[in-house]
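Student: Numbering (the numbering used here), first residue to last: 16 to 703.
For every residue, glycine included, the Cβ atom is placed at its ideal position computed from N, Cα and C.
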Amino acid sequence: MFSKILIANRGEIACRVIKTARRMGIATVAVYSDADARAPFVRMADEAVHIGPAPAAESYLIADKIIEACKQTGAEAVHPGYGFLSERASFVEALAKENIAFIGPPTNAIAAMGDKIESKKIAREAGVNVVPGFVGEIRDTDHAVEISNEITYPVMMKASAGGGGKGMRLAYSEKDVREGFESVKREGLNSFGDDRVFIEKFIEDPRHIEIQILGDKHGNVIYLNERECSIQRRHQKVVEEAPSPFVTPKMRKAMGEQCVALSKAVGYHSAGTVELIVSGADKTGESFYFLEMNTRLQVEHPVTEAITGVDLVEQMIRVAAGEELSITQDDVKIDGWAIENRVYAEDPYRGFLPSTGRLVRYQPPVEPWADDGEANGRRGLDGIRVDDGVFEGGEVSMFYDPMIAKLITWGETRDEAADLQIAALDAFRIEGLGHNVDFLSAIMQHERFRSGELTTGFIAEEYPEGFEGAPAGDRLKGVLAAVGGVIATADADRARRINQQLDGDEYAPGDWTIRIGEREEGSTSHEVRLEETALTVDGEQVTIEMQYTPGENMVDVALYDNDGDEDAEPVEVYTIQLKPTRTGYDMTTRGATHSLRILQSRIAHLASHMIEKEPPDLSKMLICPMPGLLVKLHVAEGEEVQPGQPLATVEAMKMENILRAEKQATVGKINAGEGDSLAVDEVILELE
């Protein structure tokens, strides 16, 4: 076994590997860039080596610097994590020349599976299902019909040089092919100067399901069940779970055996994942096809660990050291259900724009996961596990992936795991930058998610106009109003005790009018009365249990039935985050923030005489929608601009975003220059 390993990565995965290595008695070395000098993984490792500036291309992606760090510290092996150099065959070869072990698969497997065409060829030869299709020259419409009939409908006809949705036709019958084939050829020629067309099977209601593979250097390969990763946004996974609600035992066995055959065909060892596209429309479960193989540890590996009890990082280290697998296929079981949500620094209320910056507050629902070596320990604390690599006061950098943490929950059933996600997300306190916690909670509550009817189009189909917060039902609004009344009374009582403003009156007010919602048209009004023995909302008794001290920013609330049974279990339990406003509180829970305006009932009617503050006219300003770097100004002061014309380009999270004019105007004052770092909502220029 190795005595010292180097982790060629950063953030949460570096922390993850260090924890398991420490439990195994293996010393660890971290490598870090300028941006990560104070990061948790650097402090956790036994040794740390600085390898360069913040950009990954100047630090984490330079193999020579990683190898030099190994030589400097005496590290015998390298764990690459995921991303960066984890699937670069040349890096593995360079390590081998220096007699440094790679904690991952062999070079030939990485190279073969990294080539899309070669990998499909190998998969087909290994007996793995691949998407039926025809890539050769199609002579004419009759030939296209012949091919389509062989593939079986529906099929997709695509222009060979197509892109952006152009040159594509879906055909459900021979008639569709005859009507559409020539049209696709013309579109390809007109748009791309190339009239070649290929035809492949169209996968209806596509689901993304992947099989976790584990092999050793002695020819043993097993599969550790599947993960469902269908909920994606722009081809990036958002929610992962194990097992899949769609996969049957028969389907699991067929998938697993094919993926093992593929792994053996390339001499695979270590952990790896075979990704499959599956037709949700085919309830037989037989329509699954090879997509690609990821020759590394996956981001979502904790859900597999939670249901199998197998530590994948430990197994990778043991395999790299030459050990045989200690488990067989018969040892692999499914115990319960696990769900992982990726908590990202992105703002779903602004089209998921990146939101880099400082974590002013960072309080996960439980302490970050600690590897205690027990199988149940891989499920975290009471079924909640947080894998992170950030700290309160630290910064989510523009140079790397915007992940803040991974939240993993485990339950006996899928619903239990999802309910635990909702509760944990409510208790996740993040301030200082935008994040997607509300969005994740909304997905967990969504009826379609709960039914298990998932496809890769879930987010686009369910949130076509963007995300505006999870909807609140009448019960939740009643609870929020009740909590608002209790808090308002407690705050008033504290003010009375401090300032003696009530002039001898023994009691703080208990009658409140509470408006939930910022604007009149979308708000609801509730009358809350707090008495010594009862709490009513709109005349109906509400029984809640909560502890609140003025100044607190989070409360736990239990809602009970009004049946008088003192031993009854609560109907619902909520964690509500509180932020005081000028006239009440913003309360965040269950995937949305609700603005409560709280007034004493005796004066509430006067509020109707107050003038509503009109929001400023922002159409005359170009406002930066996310924190970033102004890399290009396309206009000058006094210049006439037309709708759609580029005004500025802002770079954030390694992506350039072009900001365009929404109407015809003249550029007035320019407030920022190229090279400036911009805050969210900062005014770049003004229009006249």
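Quick one: residues in its chain with C-beta nearer than 6 Å to the C-beta of residue 143, no 5 flanking neighbours on either side, listed in chain order?
Tutor: Walking along the sequence shown from the start, residue 143 turns up at place 128. Hits under 6 Å: 273, 277 and 305.
Student: Using 8 Å as the threshold, is the segment 205-214 in touch with the segment 309-316, meaning 3 or more CB pairs across them?
Tutor: No, the segment 205-214 does not touch the segment 309-316.
Student: Measure the C-alpha to C-alpha separation of residue 451 and residue 419 and round it to an integer number of angstroms.
Tutor: As a first step, residue 451 is located in the sequence shown; it is residue number 436 there, counting from the start. As a first step, residue 419 is located in the sequence shown; it is residue number 404 there, counting from the start. Going by the C-alpha atoms only, they are around 10 Å apart.
Student: Checking 8 Å against the spacing of the C-beta atoms, do residue 281 and residue 123 come in under that value?
Tutor: Start at 1 with the first residue of the sequence shown, and residue 281 comes out as number 266. Start at 1 with the first residue of the sequence shown, and residue 123 comes out as number 108. Result yes, Cβ atoms of residue 281 and residue 123 sit closer than 8 Å.
Student: Kindly indicate which residue of 679, 90, 688 and 633 has the alpha-carbon position closest to the one of residue 16.
Tutor: On the sequence shown, residue 16 is found 1 positions in, with the first residue counted as 1. Per the Cα distances, 90.
Student: Alpha carbon to alpha carbon, what distance is there between residue 220 and residue 240?
Tutor: Residue 240 sits at position 225 when you count from the first residue of the sequence shown. Residue 220 sits at position 205 when you count from the first residue of the sequence shown. Computed Cα separation, rounded: 22 Å.
Student: List the whole-angstrom C-beta distance separating residue 426 from residue 435, where the pair is believed to meet the contact cut-off of C-beta under 8 Å.
Tutor: Taking the sequence shown and counting its residues from 1, the one referred to as residue 426 is at position 411. Taking the sequence shown and counting its residues from 1, the one referred to as residue 435 is at position 420. Right, their Cβ atoms sit about 6 Å apart.
Student: When DSSP labels each residue in this structure, what does residue 296 get in the three-state scheme?
Tutor: Working through the sequence shown from its first residue, we reach residue 296 at position 281. Here residue 296 sits in coil by DSSP.
Student: Taking the C-alpha atoms as reference points, what is the distance between residue 541 and residue 645?
Tutor: Sequence index remark: in the sequence shown, residue 541 carries index 526 (1-based). Sequence index remark: in the sequence shown, residue 645 carries index 630 (1-based). Roughly 46 Å separates the two Cα atoms.
Student: Around the C-beta of residue 605, are 16 or more other C-beta atoms found within 10 angstroms, so that it is buried, or is it exposed?
Tutor: Position 590 of the sequence shown, counted from the start, is the residue given in the question as residue 605. Residue 605 is buried by the Cβ-count criterion.
Student: Taking DSSP's pairing of strands, which residues face residue 603 in a bridge?
Tutor: Numbered from its first residue, the sequence shown carries residue 603 at position 588. Note: residue 603 sits in a beta bridge opposite 592 and 608.
Student: Which first and last residues belong to the alpha helix (DSSP H) in which residue 432 is found?
Tutor: Walking along the sequence shown from the start, residue 432 turns up at place 417. First-last of the alpha helix (DSSP H) with residue 432: 429-441.
Student: Work out the CA separation of residue 508 and residue 565 for me, nearest whole Å.
Tutor: For the purposes of this step, residue 565 is identified with residue 550 of the sequence shown, where counting begins at 1. For the purposes of this step, residue 508 is identified with residue 493 of the sequence shown, where counting begins at 1. Each residue's alpha carbon lies about 9 Å from the other.
Student: Under a three-way DSSP split, which group does residue 55 fall into?
Tutor: To locate residue 55, count along the sequence shown from 1; it is residue 40. If DSSP states are grouped into helix, strand and coil, residue 55 belongs with the helices.
Student: With 16 other CB atoms within 10 Å as the buried threshold, where does residue 253 fall?
Tutor: Position 238 of the sequence shown, counted from the start, is the residue given in the question as residue 253. Under this definition residue 253 is a buried residue.
Student: Short of 6 Å in beta carbon distance, which residues of its chain neighbour residue 599, apart from the five on each side in sequence? Order them along the chain.
Tutor: Sequence index remark: in the sequence shown, residue 599 carries index 584 (1-based). Correct list, in chain order: 611, 612 and 613.
Student: Just curious, the alpha helix (DSSP H) that residue 464 is in, first and last residue?
Tutor: Indexing the sequence shown from 1 puts residue 464 at position 449. Counting along the chain, the alpha helix (DSSP H) containing residue 464 begins and ends at 462-466.
Student: Consult DSSP for residue 46 and reduce its assignment to one of helix, strand or coil.
Tutor: Mapped onto the sequence shown, residue 46 falls at position 31. Note: residue 46 maps to strand in three-state DSSP.
Student: Need the endpoints of the alpha helix (DSSP H) that residue 32 sits in, please.
Tutor: By one-based count along the sequence shown, residue 32 stands at place 17. Unbroken alpha helix (DSSP H) run through residue 32: 26-38.
Student: Rank 261, 242 and 688 by C-alpha distance to the C-alpha of residue 317 and give the top, closest one.
Tutor: Indexing the sequence shown from 1 puts residue 317 at position 302. Cα-wise, what sits closest to residue 317 is 242.
Student: I'd like the ranges of any alpha helix (DSSP H) spanning at least 4 consecutive residues and lying wholly in the segment 216-290.
Tutor: 264-280
Student: In terms of alpha-carbon separation, which member of 257, 501, 364 and 105 lies closest to residue 704?
Tutor: This structure does not reach residue 704, given that the chain is present from 16 up to 703, and the question cannot be answered.
Student: If we count Cβ pairs, one from each stretch, closer than 8 Å, do we get three or more for the segment 482-495 versus the segment 394-406?
Tutor: Taking 8 Å as the limit for Cβ pairs, the verdict is that the segment 394-406 does not touch the segment 482-495.
Student: Across which residues does DSSP place residue 326 in a beta bridge pair?
Tutor: Here residue 326 is taken as the residue at index 311 of the sequence shown, counted from 1. Answer by DSSP bridge pairing: none, since residue 326 is not bridged.
Student: Please list, in chain order, all residues of the same chain as residue 362 whose beta carbon is under 6 Å from its beta carbon, the five residues on each side excluded.
Tutor: Translated into the one-based positions of the sequence shown, residue 362 becomes position 347. Around residue 362: 368, 370 and 449.
Student: In terms of alpha-carbon separation, which member of 53, 50, 96 and 46 lies closest to residue 82?
Tutor: Position 67 of the sequence shown, counted from the first residue, corresponds to residue 82. Of the candidates 53, 50, 96 and 46, the one whose C-alpha sits nearest the C-alpha of residue 82 is 46.
Student: Based on Cα-Cα distance, which residue from 245, 230 and 465 lies nearest to residue 224?
Tutor: Within the sequence shown, residue 224 is the residue found at index 209, counting from 1. For the residues 245, 230 and 465, the minimum Cα distance to residue 224 belongs to 245.
Student: Which residues share a DSSP beta bridge with residue 355?
Tutor: Taking the first residue of the sequence shown as position 1, residue 355 is located at position 340. Paired residue(s): 255 and 423.
Student: Helix, strand or coil, according to DSSP, for residue 540 in the structure here?
Tutor: If you number the sequence shown from 1, residue 540 lands on position 525. Of the three classes helix, strand and coil, the one that applies to residue 540 here is strand, per DSSP.
Student: Is the beta carbon of residue 360 closer than 8 Å to that of residue 399?
Tutor: As a first step, residue 399 is located in the sequence shown; it is residue number 384 there, counting from the start. As a first step, residue 360 is located in the sequence shown; it is residue number 345 there, counting from the start. No, they are not a contact pair.
Student: Specify the secondary structure class of residue 343 as computed by DSSP and reduced to three states.
Tutor: Working through the sequence shown from its first residue, we reach residue 343 at position 328. Three-state DSSP puts residue 343 in coil, outside helix and strand.
Student: Please report the distance separating the alpha-carbon of residue 55 from that of residue 30.
Tutor: Against the sequence shown, residue 55 aligns to sequence position 40. Against the sequence shown, residue 30 aligns to sequence position 15. Just so you know, the alpha carbons of residue 55 and residue 30 end up roughly 7 Å apart.
Student: Taking the alpha helix (DSSP H) that residue 162 falls in, what are its first and last residues?
Tutor: Counted from its first residue, the sequence shown places residue 162 at position 147. Per DSSP, residue 162 belongs to the alpha helix (DSSP H) from 156-166.
Student: Looking at the secondary structure, which residues open and close the alpha helix (DSSP H) in which residue 572 lies?
Tutor: Taking the first residue of the sequence shown as 1, we reach residue 572 at position 557. Under the DSSP assignment, residue 572 falls outside any alpha helix (DSSP H), being part of the beta strand (DSSP E) whose first and last residues are 569-575.
Student: Roughly how many angstroms lie between the CA atoms of residue 688 and residue 694, to the nearest whole one?
Tutor: One-based indexing of the sequence shown puts residue 688 at position 673. One-based indexing of the sequence shown puts residue 694 at position 679. Spanning the two alpha carbons is a distance of roughly 13 Å.
Student: Since I believe residue 170 is in contact with residue 213 (beta carbons under 8 Å), could you give me their beta-carbon distance rounded to a whole number of angstroms?
Tutor: Here residue 213 corresponds to residue number 198 of the sequence shown, with the count starting at 1. Here residue 170 corresponds to residue number 155 of the sequence shown, with the count starting at 1. Not really, about 10 Å apart at Cβ, beyond 8 Å.
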